[in-house]
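In order, the protein sequences belong to chains A and B. My numbering applies: residue 25 is where the first sequence begins, and numbers increase by one. My numbering applies: residue 1000 is where the second sequence begins, and numbers increase by one. Using N, Cα and C, we set each Cβ at its ideal position, and we do this for glycine too. Structure, as C-alpha cells:
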Amino acid sequence: MKAGATTLRGARLHAAPAPARALPRLRAPRGFGALPLLFAGLVGRSVYLQWIDNEFLQTQGSARYSRALEVPAHRGRIVDRSGEALALSTPVKSLWAFPGKFDASPAQLAELARILETPPQKITARLAANEDFAFIAKQIPPEVSERAMALRIAGLHDQNEYRRFYPGGETTAHVIGFTGDHDAGQEGIELAQQSWLAGAPGSRRVIINRRNEAVEDVAAIRAPQAGRDLALALDTRLQYLAFRELKAAIELHKAKAGGLVILDVKSGEILALANWPTYNPNRRDKVARDKMRNRALTDVFEPGSTLKPFTIAAALDAGKIRPETVIQTAPGSLTIGSHTIRDVHAAGPLTVEQVIQKSSNVGAAKVALGLPAETMWTMFTEAGFGTVPKTGFPGEVAGRLRPAKSWKPIEQATMAYGHGISVNLVQLARAYTMFATDGEVKPVTLFKTDGHVAGRPALKPETALAVRRMLELATQPGGTAPKAQVIGYRVAGKTGTAHKLEGRGYTNKYVSSFVGFAPVSQPRLVVAVMIDEPSAGQHYGGAVAAPVFSNVVGSALRMLGVPTDAPVDNVILPPPGSEILEET
Amino acid sequence: MTRVNMVLLAVLVACALSLVTSRHQARRLYVALERAQAEARAYDIEFGQLQLEQSTWGMPARVEKIAREQLKMQLPTAARTEIVALPARAETPR
C-alpha cells in the first residue's frame, strides 16, 4: 500500500504538465442557465402534483392506509303483545365466486363440499352455470362460512347478509307476511311497516395498520340507522289456539278454506287471526300464491244470517219494533215480485226475539221491508260494512254495499239476512262489537294498543242490550247454535249458512259461519269463525262453525283468566238425535 | 441566553415525546375500543340467535306436540273439568 502511494506520488511528480485546453466559451453560462431550468421543472412538477393534479396520488395513498367500513344495521323484530318474537333477522353469509378466477385443488374442493354438506359436483355445476358470477352457498351460518373461507381458495368470496326467521311458522304466516330480496318486506305487515322496520346500514372511514385493524376514525360517512321493533296485538297463545281449532274443523268437515278472528272488545285489538290454507314462511320456495292470501282481510263472502241482528237492531233503534213484537212467518215463504224467500223450517207467528233465535229469513225480511232502505243502509255502514277495516294490513278490502237508492224491495229483503252484500271476516267481527259493548263499534287494529279505546256509537245502549239477549237465546236450546255453549261462561252469537255465489247464480256449496262473544255479563272477546265449503255432510253454521267458537272462546277465556259468569252446569244440549233448526 | 435556549429545547423535546406517546396511547385505546365493539356486535348476533332459538323451542305448536306425543298428555274433556266458583266473587275488571 505504502509502495503504491509512493509510486503514485512519483508518477505525479514526474508527469508532464497537461496541455492547457481551452474550455468552450459559453459552457459556464449554459450550465448555469440549464441547472435552474431543470430545477424549475422539478419545482413545477411537484407544485403540479401537490396542488393541481393531486387526486390520483391522494386516492392511491389513502387506499393504502384508510378504508371505508360498513356499519351493519339490522331490520327490527316483530313481536307479539307479550314480546314473543314472531319475526327476527340474524346475520348469515353467502359464498360467491367469479367462476373464471375460481381455482381450487381437488382436495380443497372436496373439503369445501364437506363443510357445506353438498356433493362436490353441485359446486362445480353452479360454477359452470354462469361464467360471470356464481353463488356457491346462500345464507349459511357465519361459522360455516368462516371454515370455508379458511381454506383460502382463490376466487372465493363471502358477503354479509341477513336472514329473516319466523318462529311462528304457518300459524302467523298470513299476518306477518315475509321479506324478499335485500331484506325488504314483500307481504303482510313486513310490507306495510317496511319503513318502520327497515334499518339503514351506516359507513365510516378509518385508518388501518398493517394488520388491517382500524386504528383511528377519520370520518363518519353515514350514521347507521337501526330498524325499530314492532309490537303486534296478536297473542301467540291465542293465535295458536285459533289456528289449531280452525285446522281441526277444516279437516273434520273436509272444507276448502276458513278463517278465524279473535277481537278484544275493549280495545278492538286483533288478538288472533288465523287462516287456512296456510304456508311456512321459512320455506316458501314452492308455495302457491293462493295459500299466501290473508283471506280474513282480503277476501269477501256473503255473510248470510250473521247479518240478521243488524237488521233487527236497525228496526229496534228506529222504534219500529220491540223485542216482543210478533211477526207472522207462516207459511214459511214470502213472495216479492217474481222472487220467493223461504225458511228451511216453516214456523208460525214468532216474536222478534224468536226470529233471531230460530234464524227466520221470512221474519227478518218482513222487518226489513218495514224500514226505509236508507235506515238499513245507515246501520250497515255504521257497522262498518262497505268500508275498509283499516287494520293496517295491506290489501284489505271494503266488501260490497250498494247505495240505498239503488235497492229494489227484493234486494232489501235478502240483505236483511245477509245476501246481496259482501263482507270480510274482520269486518264481521268488528261489527259485532256493537252488541258486545253498549252500542259502540270499536276501531280494529293489528298493532298493540294500551287499554280502553273509545268506539263510535252506532246503537242506543238499550238496543244493544236487547240484541245481546236475543243472541244469547240463539245459543241456548231452541236456538240454532247450542253447540256454541261453553262450560262456565255465558255466550251469545249468531250462526250463518250462505249459499255460495258462483258466476251468476247460487250453488249448493256453502259458507258456514258463526260470530259471537263472551262472557255475556261483561263481554271480553268477539270471535268470528268462517268455514268455506264444508263437504263432509254437514254445512249448517250451527253444526260446523259453532263448535269451533265454543272450543276457542272457552280456552281463550280460561287462558286470559276471565272469571266465570255462569254455573258450571250451564251447558244444556238438546237431547241426542233431536234436530237443531237452522235457516240459511 | 444560552441557558434559556437549552431549557426551551428540553421543554420542546419533552413535548414532542409526550405527543408521540399520547398518540400511540390513543391508537392503542382505539384498537381496544374497536375490538370491544366487534365483540359487542358478536354478542348482539348471538343474542339474536338465542332469541330465535328460544321462540322456536317455545312455540305453542311444539310444546303441544311434545305434550301429546312424548308425555302422552291430553286436553281435559268437558266431563272431566270441574270449575270452582270463588266464594266471594271478586270483581276483577281487567
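Proximity test, Cβ basis, 8 Å: B/E1033 and chain A: Residue contact with chain A for B/E1033: present (Cβ-Cβ distance below 8 Å to some residue of chain A).
query: Which residues mark the beginning and the end of the alpha helix (DSSP H) in which A/K382 is found?
result: DSSP places A/K382 inside the alpha helix (DSSP H), whose first and last residues are 376-382.
message: For a test of the three-state rule: what should DSSP assign to A/R12, helix, strand or coil?
response: The structure shown does not extend to residue 12 of chain A, since chain A spans only 25 to 608, so no value can be given for it.
field: Contacts of A/L112 in chain B (Cβ-Cβ under 7 Å)
entry: Those within 7 Å of A/L112 in chain B are G1047, Q1050, L1051.
query: Would B/V1030 count as contacting chain A if we go by Cβ distances under 8 Å?
result: Chain A contact via Cβ: present.
message: Under 8 Å, with one C-beta from each stretch per pair, do the region 1037-1050 of chain B and the region 83-92 of chain A reach the 3-pair mark?
response: Judged by Cβ distances under 8 Å, the region 1037-1050 of chain B makes no contact with the region 83-92 of chain A, as fewer than three pairs qualify.
message: My parser needs the alpha helix (DSSP H) runs of 4 or more residues fully inside the region 57-95 of chain A; what are they?
response: DSSP runs (the alpha helix (DSSP H)) wholly in the region 57-95 of chain A: 79-89.
field: Contact set for A/D253: own chain, Cβ-Cβ below 7 Å, skip 5 residues either direction
entry: If we look at A/D253 and ignore the five residues flanking it on each side, its Cβ neighbours are G100, R101, V103.
query: Considering only residues of the same chain and omitting the five flanking positions on each side of A/Q17, which have a CB-CB separation below 6 Å?
result: Lying outside 25 to 608, the shown extent of chain A, residue 17 of chain A is not represented and no answer is given.
field: Nearest-angstrom Cβ-Cβ length linking A/N594 and A/G502, presumed shorter than 8 Å
entry: So it is not a contact: roughly 15 Å between Cβ atoms.
message: Does chain A have any CB closer than 8 Å to the CB of B/I1065?
response: Not an interface residue.
Chain-order list of residues whose beta-carbon lies under 6 Å from that of A/E269 (same chain, five-residue window excluded): These residues qualify, in order along the chain: V572, N575, V576.
- prompt: Helix, strand or coil: how does DSSP classify A/D182 here?
  reply: A/D182: strand per DSSP, three-state reduction.
query: What residues in its chain sit with their C-beta under 6 Å from that of A/A460, if we drop five residues either side in the sequence?
result: If you ignore the 5 residues before and after A/A460, its C-beta comes within less than 6 Å of the C-beta of V289, F541, P547, V550, all in its own chain and listed in chain order.
- request: Rounded to whole angstroms, what's the CA-CA distance from B/R1002 to B/L1008? Just pull it up for me.
  value: Roughly 10 Å between the two C-alpha positions.
field: At least 3 beta-carbon pairs within less than 8 Å: the region 181-197 of chain A vs the region 110-119 of chain A
entry: Verdict: yes, contact present.
query: What are the start and end residues of the alpha helix (DSSP H) that includes B/E1038?
result: Element bounds for B/E1038: 1001-1057.
field: 4-residue-minimum alpha helix (DSSP H) runs that sit fully inside the region 483-509 of chain A, ordered along the chain
entry: Considered as a whole, the region 483-509 of chain A harbours 485-498 as its complete alpha helix (DSSP H) runs of no fewer than 4 residues, in chain order.
Per DSSP, cross-strand counterpart(s) of A/R366: According to DSSP, residue pairing for A/R366 in a beta bridge involves A/S357.
field: Sequence-distant residues of its chain with Cβ nearer than 7 Å to A/E435 (five each side left out)
entry: These residues qualify, in order along the chain: G444.
message: Quick check on the burial criterion: 16 or more other C-beta atoms within 10 angstroms. Buried or exposed for A/G588?
response: Residue 588 of chain A is actually Thr in this sequence, not Gly. By the Cβ neighbour-count rule, A/T588 is buried, with 16 or more other Cβ atoms within 10 Å of its own.
message: Contact defined as beta carbons within less than 8 Å: I believe A/V491 pairs with A/R514. What is the distance between those atoms, to the nearest angstrom?
response: That pair is no contact at about 15 Å.
field: Alpha-carbon spacing of A/T30 relative to A/R45, whole angstroms
entry: Reliability fails at A/T30, whose pLDDT of 47 lies under 50, so the model's placement of it is uncertain and the value that follows must be treated cautiously. Here the alpha carbons of A/R45 and A/T30 stand approximately 29 Å from one another.
query: Helix, strand or coil for A/A29 per DSSP?
result: Residue confidence is low: A/A29 scores 45 on pLDDT, short of 50, so the model does not pin down where it sits. Its coordinate-derived value is still stated next. Helix.
task: Quick one: list the residues of chain A neighbouring B/R1079, beta-carbon separation under 7 Å, in chain order.
output: Those do not exist, as B/R1079 stays about 11 Å from chain A at its closest Cβ, beyond 7 Å.
CA-to-CA distance, B/L1074 to B/E1063, given in whole angstroms: Here the alpha carbon of B/E1063 sits roughly 10 Å from the alpha carbon of B/L1074.
message: Under 7 Å, CB to CB, which of the residues in the region 242-265 of chain A have a partner in chain B?
response: Contact annotation: in the region 242-265 of chain A, residues whose CB is within less than 7 Å of a CB in chain B are T260, R261, Y264.
- prompt: Would you say A/K26 reaches chain B, if we count a Cβ-Cβ gap shorter than 8 Å as a contact?
  reply: Note on A/K26: pLDDT 46, under 50, position unreliable in the model; no value is reported.
- prompt: If you follow the alpha helix (DSSP H) that A/R582 is part of, which residue opens it and which one closes it?
  reply: Note, A/R582: alpha helix (DSSP H), 570-584.
- prompt: Expressed to the nearest angstrom, what Euclidean distance is found between the alpha-carbon atoms of A/E94 and B/F1046?
  reply: Whole-angstrom Cα-Cα distance: 21 Å.
message: Let's see if you can read the secondary structure: which residues bound the alpha helix (DSSP H) around A/Q145?
response: Per DSSP, the continuous alpha helix (DSSP H) segment holding A/Q145 begins and ends at 144-153.
Cross-strand partners of A/A272 (DSSP beta bridge): Answer is none; A/A272 lacks a bridge partner.
query: Do the region 549-569 of chain A and the region 281-296 of chain A make contact, defined as three or more Cβ pairs closer than 8 Å?
result: Between the region 549-569 of chain A and the region 281-296 of chain A, the count of C-beta pairs closer than 8 Å reaches three or more; the two stretches touch.
message: For A/Q132, report the span of its beta strand (DSSP E) as first-last.
response: No beta strand (DSSP E) contains A/Q132, which is instead part of the alpha helix (DSSP H) from 130-140.
field: Distance between A/K271 and A/G212 (C-alpha atoms, nearest Å)
entry: Taking the straight line from one Cα to the other gives about 21 Å.
- prompt: At a Cβ threshold of 8 Å, is A/I596 touching chain B?
  reply: With 8 Å as the cut-off, A/I596 does not count as an interface residue toward chain B.
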